[in-house]
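Undergrad: Chain order of the listed sequences is A and B.
Here the working numbering is used: the first residue of the first sequence is 1, the next is one more, and so on.
Here the working numbering is used: the first residue of the second sequence is 1, the next is one more, and so on.
All C-beta atoms, glycine included, are put in the ideal place defined by N, C-alpha and C.
Please read all numbers here as calculations on a predicted model, not as lab measurements.
2 protein chains.
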Amino acid sequence: GGVGKDPESEHILSEFKTSTVLSDSAREKTIFVHGKLGDQEAVVILEKTPIREDDLAELFTGSRLKLEMRNDIYSTYRLLAPPQLNEIKTTVVCPATEKHIKKYQRQESSLVEETGEDYKSITLPYIQKQSFSVQWVHNILEKKAEAERIVYEDPDPEVGFLLLPDFKWDQKQVDDLYLIAIVHQRDIRSLRDLTSEHLPLLQNIFQKGKEAVLQRYSLAASKLRVYLHYQPSYYHLHVHFTKLGYEAPGCGVERAHLLADVIQNLQSDPQYYKTRTLYFPLRADDGLLGKFKEAGRL
Amino acid sequence: GGVGKDPESEHILSEFKTSTVLSDSAREKTIFVHGKLGDQEAVVILEKTPIREDDLAELFTGSRLKLEMRNDIYSTYRLLAPPQLNEIKTTVVCPATEKHIKKYQRQESSLVEETGEDYKSITLPYIQKQSFSVQWVHNILEKKAEAERIVYEDPDPEVGFLLLPDFKWDQKQVDDLYLIAIVHQRDIRSLRDLTSEHLPLLQNIFQKGKEAVLQRYSLAASKLRVYLHYQPSYYHLHVHFTKLGYEAPGCGVERAHLLADVIQNLQSDPQYYKTRTLYFPLRADDGLLGKFKEAGRL
Chain A
1 GGVGKDPESE HILSEFKTST VLSDSAREKT IFVHGKLGDQ EAVVILEKTP
51 IREDDLAELF TGSRLKLEMR NDIYSTYRLL APPQLNEIKT TVVCPATEKH
101 IKKYQRQESS LVEETGEDYK SITLPYIQKQ SFSVQWVHNI LEKKAEAERI
151 VYEDPDPEVG FLLLPDFKWD QKQVDDLYLI AIVHQRDIRS LRDLTSEHLP
201 LLQNIFQKGK EAVLQRYSLA ASKLRVYLHY QPSYYHLHVH FTKLGYEAPG
251 CGVERAHLLA DVIQNLQSDP QYYKTRTLYF PLRADDGLLG KFKEAGRL
Chain B
1 GGVGKDPESE HILSEFKTST VLSDSAREKT IFVHGKLGDQ EAVVILEKTP
51 IREDDLAELF TGSRLKLEMR NDIYSTYRLL APPQLNEIKT TVVCPATEKH
101 IKKYQRQESS LVEETGEDYK SITLPYIQKQ SFSVQWVHNI LEKKAEAERI
151 VYEDPDPEVG FLLLPDFKWD QKQVDDLYLI AIVHQRDIRS LRDLTSEHLP
201 LLQNIFQKGK EAVLQRYSLA ASKLRVYLHY QPSYYHLHVH FTKLGYEAPG
251 CGVERAHLLA DVIQNLQSDP QYYKTRTLYF PLRADDGLLG KFKEAGRL
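1. In this structure, what does DSSP give as the bridge partners for A:TYR279?
2. What is the DSSP secondary structure of B:TYR230, reduced to helix, strand or coil?
3. Work out the CA separation of B:SER14 and B:GLY38 for me, nearest whole Å.
4. Kindly indicate which residue of A:THR61, A:PRO95 and A:VAL92 has the alpha-carbon position closest to the one of A:LEU335.
5. With 7 Å as the C-beta to C-beta threshold (strictly closer), list the residues of the region 98-116 of chain B near chain A in chain order.
6. Pick out whichever of B:HIS138, B:ASP170 and B:ASP175 has its Cα sitting closest to the Cα of B:PHE161.
7. With a CB to CB cut of under 6 Å and the five nearest residues on each side skipped, what residues in its chain are close to B:THR90?
8. Grab me the residues of B:ARG106's own chain with a C-beta within less than 6 Å of its C-beta, minus the 5 sequence neighbours each way, in chain order.
9. Beta carbon of A:LYS223, beta carbon of A:ASP176: below 8 Å?
10. Does A:ALA260 get closer than 8 Å to chain B when you measure Cβ to Cβ?
11. For B:ALA10 and chain A, any beta-carbon pair shorter than 8 Å?
12. Can you pull the chain B residues whose beta carbon is under 9 Å from the beta carbon of A:SER63, in chain order?
13. Where in the region 79-108 of chain B do unbroken runs of the beta strand (DSSP E), each at least 3 residues long, occur, reported from the N-terminal end onward?
14. Just to confirm before moving on: does the CB-CB distance between A:GLY245 and B:GLU247 stay below 8 Å?
15. Are the C-beta of B:GLN299 and some C-beta of chain A separated by less than 8 Å?
16. Mind pulling the chain B residues with CB within less than 8 Å of A:TYR227?
17. Can you confirm whether B:PRO50, when its beta carbon is compared against all beta carbons of chain A, has any partner nearer than 8 Å?
18. Let me know the beta strand (DSSP E) ranges lying completely inside the region 146-176 of chain A, each 3 residues or longer, listed in chain order.
19. Taking B:ALA57 and B:PRO95 to be in contact with their CB atoms under 8 Å, please state how far apart those CB atoms are, rounded to whole angstroms.
20. If we count Cβ pairs, one from each stretch, closer than 8 Å, do we get three or more for the region 207-221 of chain B versus the region 224-242 of chain A?
21. Nearest chain B C-beta to A:ALA26 closer than 8 Å, yes or no?
22. Determine the direct distance from the alpha carbon of B:LEU65 to that of A:ILE12, and round the result to whole angstroms.
23. Express the C-alpha separation of A:SER63 and A:ASP55 in angstroms, rounding to a whole number.
24. I'd like the list of long-range same chain contacts for B:ALA284, defined as Cβ closer than 6 Å, with 5 residues on each side in sequence excluded.
25. Below 8 Å on the Cβ atoms is my contact criterion, and I expect A:ASN86 with B:TRP136 to pass it. Report the Cβ-Cβ distance as a whole number of Å.
26. Once the 5 residues before and after A:PHE206 are set aside, which same chain residues still bring their CB inside 6 Å of it?
27. Between which two residues does the beta strand (DSSP E) harbouring A:GLU47 extend?
28. Is the region 189-197 of chain A touching the region 162-171 of chain A, taking contact as three or more C-beta pairs under 8 Å?
29. Are the C-beta of B:LEU244 and some C-beta of chain A separated by less than 8 Å?
30. When you compare each of A:SER25, A:GLY209 and A:GLN84 to A:ILE150 by their alpha carbons, which one comes out closest?
31. Applying the 10 Å Cβ sphere with the 16-neighbour rule, what's the burial state of A:ASP156?
32. What residues from chain A crowd round B:ARG297, counting only those whose CB sits closer than 8 Å?
33. Measuring straight from C-alpha to C-alpha, what distance separates B:PRO232 and B:GLN130?
34. For A:GLY4, which residues of its own chain have a beta-carbon under 6 Å away from its beta-carbon, when the five flanking residues on both sides are left out?
35. Where does B:LEU35 land, buried or exposed, given buried means 16+ other C-beta within 10 angstroms?
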């Protein structure tokens, strides 16, 4: 076919009219734009291309530099590269439906400050009223689902748990290992419910979880990041095991709590997570954020 | 000075000879290259810049597209953009020492468990023996360098600090905002040196830093992630301000400590960071990891 030779395609985007930026990532150098191509709805996705080792020599000789800053042995420049060495991958979805547009839309998050009191008066009533279903978790615990995926089980009703791969992990390589430990106890919603009473449970998960990962995946405990989320995405206590060095979604300091720290905090103060102010991000469309706003806490 | 006007700088990289690629990231569009500039060792870091909404119109009209694939409503292109709309941020470290080269080399990390005792017997002696230079930090504090980059200053010798953009941030968009607050006090190495005595300093940085970001960048405090690193990359106390939602390197729970948590911990226990076991990743080639191994702590 005429791939790369269609003269019409050369400037197709010059008639594109931007309506709104759906999302972008400064880190990944991507942008998702909604707009119109002629009279049709369209989504245009731009992503800068990775820098290839093979292009370096040409890039260094063929580019111009503009000095920005110099301090001691460090200097920074803006480099103007030849366009063919610095392409932008472009995807056009046209005509795009409402569903495409929603799919690419990002929501801003805000950091919420939740005191122990806020938890009792705002968060807990909200969780209870929503009564988020954890039926799928119970199905796993009862072996009605995903039984063949279980990596390890300690069946003890008090300190026991199931360990299994997270959905996000395809299990093809250990580089992005992601496992979840789900406790057998059914009445622990989150970090906020933990007291020193739960130390045997937490220590058991930490110890046996690390042993199971070593046994099954030959990955040492020192290569693991073991943590809880607050807020969690479902209110049945679970612990994340991810490979250190893999930047798993949700491993940021604003949402993750190292299990080792949780244990230490409960050892020095049995009521630590009942009384502490906790910080976490909530998306603009999260119902809980609305509750914090109503309460004048944001 | 001659910032941006030095004609020599325009083609400084055309004489750069690549020895090896230290690391790269296809996701982040970065590459770290070791080589020689003349007869000096140098590290060159290239990072493609985020795509700015403000540039879209010009990008769409001023670029050429090459069709790669067309399937139903989806098509992909390679976009050739005008160089000034598609810069590559370039950092040159020259002359670079062995330590710089190591710093940028991709390495597996291990999670280290450092008790208060380990800090005194292993980490502190190591830091003191290495006597890492923080001359560049002193240059900033004394306005001998980067004075024009200062976003905010509180000159108080006890609780004062300078706020300025991190090298990694090109300041073109607020999406990946990254600022560093550097304290005027010169004898605080890291989190481990903090006690309740430093609460006025920490609270001052937290409060005035957030105000300065709001004033300068119209970004509310609830959109910020404010944290310290342990281990830090240099032993002069500094605090990171990054935009929530931007997955800044080093914002993972294994290395970052929310300033709000640090303040709260010191309020409830003045010696918290002297006595606590802290967890952090160390790269395989980090001298400190060797010390922990020698001590049988790993």
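TA: Based on what the coordinates show:
1. Here the question's residue 279 of chain A lines up with position 279 in the first sequence. DSSP, once it has assigned bridges, lists A:GLU113 as partnering A:TYR279.
2. For the purposes of this step, residue 230 of chain B is taken as residue 230 along the second sequence, with counting starting at 1. It is coil, neither helix nor strand.
3. As a working note, residue 38 of chain B is residue 38 in the second sequence. As a working note, residue 14 of chain B is residue 14 in the second sequence. Rounded to the nearest angstrom, the two C-alpha atoms are 10 Å apart.
4. Any property of residue 335 of chain A remains undetermined from this structure, which presents chain A solely from 1 to 298.
5. GLU108, SER109, SER110 and LEU111
6. Position 161 of the second sequence, counting from 1, holds the residue named residue 161 of chain B. It is B:HIS138 whose Cα lies nearest to the Cα of B:PHE161.
7. On the second sequence, residue 90 of chain B is found 90 positions in, with the first residue counted as 1. Counting only Cβ-Cβ distances below 6 Å, and skipping sequence neighbours, we find LEU46.
8. As a position in the second sequence, residue 106 of chain B is number 106, starting the count at 1. The residues are SER23.
9. The residue given as residue 223 of chain A occupies position 223 in the first sequence. The residue given as residue 176 of chain A occupies position 176 in the first sequence. No. Outside cutoff.
10. As a position in the first sequence, residue 260 of chain A is number 260, starting the count at 1. At least one chain B Cβ lies under 8 Å of A:ALA260.
11. Reading the second sequence from its first residue, position 10 is the one you call residue 10 of chain B. What sits at residue 10 of chain B in the sequence shown is Glu, not Ala. Yes, contact with chain A.
12. Translated into the one-based positions of the first sequence, residue 63 of chain A becomes position 63. Here the neighbours are HIS11, LEU13, SER14, PRO83, ILE88 and THR90.
13. 88-93
14. Looking up residue 245 of chain A in the first sequence gives position 245. Looking up residue 247 of chain B in the second sequence gives position 247. In this structure, B:GLU247 does not lie closer than 8 Å to A:GLY245 by Cβ.
15. Absent from the model: residue 299 of chain B. The displayed extent of chain B is 1 to 298, so no value can be given.
16. For the purposes of this step, residue 227 of chain A is identified with residue 227 of the first sequence, where counting begins at 1. Correct list: VAL253.
17. As a first step, residue 50 of chain B must be located in the second sequence, where it is residue number 50. Yes, its Cβ sits closer than 8 Å to a Cβ of chain A.
18. 152-154 and 161-165
19. Reading the second sequence from its first residue, position 57 is the one you call residue 57 of chain B. Reading the second sequence from its first residue, position 95 is the one you call residue 95 of chain B. Actually they are not in contact, since the Cβ atoms of B:ALA57 and B:PRO95 sit about 43 Å apart, beyond 8 Å.
20. no
21. One-based indexing of the first sequence puts residue 26 of chain A at position 26. It does: the Cβ of A:ALA26 has a partner Cβ on chain B nearer than 8 Å.
22. Against the first sequence, residue 12 of chain A aligns to sequence position 12. Against the second sequence, residue 65 of chain B aligns to sequence position 65. Each residue's Cα considered, the two are about 8 Å apart.
23. As a working mapping, residue 55 of chain A is identified with position 55 in the first sequence. As a working mapping, residue 63 of chain A is identified with position 63 in the first sequence. Cα to Cα, A:ASP55 sits roughly 12 Å from A:SER63.
24. Position 284 of the second sequence holds residue 284 of chain B. Contacts found: GLN107 and GLU108.
25. Start at 1 with the first residue of the first sequence, and residue 86 of chain A comes out as number 86. Start at 1 with the first residue of the second sequence, and residue 136 of chain B comes out as number 136. The Cβ separation is near 30 Å, so there is no contact.
26. If you number the first sequence from 1, residue 206 of chain A lands on position 206. Cβ neighbours of A:PHE206 beyond the five flanking positions: LEU259.
27. For the purposes of this step, residue 47 of chain A is taken as residue 47 along the first sequence, with counting starting at 1. 40-48 is the span of the beta strand (DSSP E), which, as asked, contains A:GLU47.
28. no
29. In the second sequence, counting from the first residue as 1, residue 244 of chain B sits at position 244. With 8 Å as the cut-off, B:LEU244 counts as an interface residue toward chain A.
30. Counting from 1 along the first sequence, the entry for residue 150 of chain A is found at position 150. A:ILE150 has its Cα closest to that of A:GLY209, out of A:SER25, A:GLY209 and A:GLN84.
31. Counting from 1 along the first sequence, the entry for residue 156 of chain A is found at position 156. Label assigned to A:ASP156: exposed.
32. The residue labelled residue 297 of chain B in the question sits at position 297 within the second sequence. None at all; the shortest Cβ gap to chain A is about 11 Å.
33. Translated into the one-based positions of the second sequence, residue 232 of chain B becomes position 232. Translated into the one-based positions of the second sequence, residue 130 of chain B becomes position 130. Rounded to the nearest angstrom, the two C-alpha atoms are 14 Å apart.
34. Position 4 of the first sequence, counted from the first residue, corresponds to residue 4 of chain A. Because the pLDDT at A:GLY4 is just 40, under 50, the model does not fix this residue reliably, and the value given afterwards should be weighed accordingly. Correct list: empty, nothing qualifies.
35. Here the question's residue 35 of chain B lines up with position 35 in the second sequence. Per the sequence shown, residue 35 of chain B should be read as Gly rather than Leu. That one is buried.
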